[in-house]
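Chemist:
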Amino acid sequence: MYDHVGLRVKDFARSRAFYEKALAPLGIEMLDRSEESAGFGSKGRIQLWVQTGTPVSTGTHLAFSSPDRAAVQAFHAAALKSGGRDNGAPGLRADYAPTYYAAFVHDPDGNNIEAVCHTEK
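The end of the sequence shown is residue 123 by our numbering, with every number in the run present.
(1) At a cut of 8 Å, does the region 63-82 reach the region 17-27 through at least three beta carbon pairs?
(2) Considering Tyr-103, what are the terminal residues of the beta strand (DSSP E) in which it resides?
(3) When burial is assigned at 16 or more other CB atoms within 10 Å of the CB, is Ala-65 buried or exposed?
(4) On the DSSP letters alone, give me the boundaries of the alpha helix (DSSP H) that Glu-122 sits inside.
(5) Go to Val-11, then tell me how far its beta strand (DSSP E) extends in each direction, as first and last residue.
(6) Under 8 Å, with one C-beta from each stretch per pair, do the region 50-57 and the region 7-18 reach the 3-pair mark?
(7) Any contact between the region 37-44 and the region 91-106? By contact I mean 3 or more CB pairs, one from each, below 8 Å.
(8) Can you have a look at Arg-35 and say buried or exposed, based on whether 16 or more other CB atoms are within 10 angstroms of its CB?
(9) In three-state terms, what does DSSP make of Ser-100?
(10) So, helix, strand or coil for Ser-44, using DSSP?
(11) With distance defined between alpha-carbon atoms, name the residue in Met-3, Asn-113, Thr-121 nearest to Thr-60.
(12) Would Glu-2 pass as a contact of Phe-14 if the rule is Cβ separation under 8 Å?
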């Protein structure tokens with residue numbers, strides 16, 4: 003349904019580094035960069051723009067698809083190493099769905115960033 007999402011961030015360099023490292027385990031990479039914005043995606047398609055500016059909100063929730071549970075765990079570890087704050091360790095959320103395996107972190111601006119895998123492995 004969505005083509006892409008844009009987030010304004012207080013400290014662009016810090017947020018760019020956070021997203022670059024946190025999303026790498028999910029196969030998402032920085033595909034475009036300028037002094038004030040960076041585009042992240044996969045297979046040549048940008049799906050997330052991070053740009054300098056005053057954040058509209060600090061309560062945005064973005065959930066990224068993960069190919070497997072190991073990538074969810076790697077996302078969580080990379081996000082914490084990159085300045086993210088834990089908001090839910092990797093694990094099964096059976097109250098969401100029987101195979102909903104996810105991890106949650108707050109990015110440098112306080113947004114809730116999730117990696118989720120819907121398979122049993």
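Here a beta-carbon is modelled for each residue, glycine too, at the ideal position from N, C-alpha and C.
Just so we're clear, the structure is a prediction, and the values are computed from it rather than from any experiment.
Modeler: Reading from the atomic positions:
(1) Note that the region 63-82 touches the region 17-27; at least 3 beta-carbon pairs, one per stretch, sit closer than 8 Å.
(2) By one-based count along the sequence shown, residue 103 stands at place 101. Counting along the chain, the beta strand (DSSP E) containing Tyr-103 begins and ends at 103-108.
(3) Here the question's residue 65 lines up with position 63 in the sequence shown. Burial call: exposed.
(4) For the purposes of this step, residue 122 is identified with residue 120 of the sequence shown, where counting begins at 1. Careful: Glu-122 lies outside any alpha helix (DSSP H) and carries neither H nor E.
(5) Locating residue 11 in the sequence shown gives position 9, counting from the first residue. 7-11 is the span of the beta strand (DSSP E), which, as asked, contains Val-11.
(6) yes
(7) no
(8) Working through the sequence shown from its first residue, we reach residue 35 at position 33. Arg-35 should be labelled exposed.
(9) The count along the sequence shown starts at 1 and reaches residue 100 at position 98. Position check: residue 100 holds Pro in this sequence, whereas Ser was assumed. Note: Pro-100 maps to coil in three-state DSSP.
(10) For the purposes of this step, residue 44 is taken as residue 42 along the sequence shown, with counting starting at 1. Ser-44: strand per DSSP, three-state reduction.
(11) Taking the first residue of the sequence shown as 1, we reach residue 60 at position 58. Comparing Cα-Cα distances from Thr-60 to each of Met-3, Asn-113, Thr-121, the minimum goes to Asn-113.
(12) No statement about residue 2 is possible, as the shown extent of the chain runs from 3 to 123 and does not include it.
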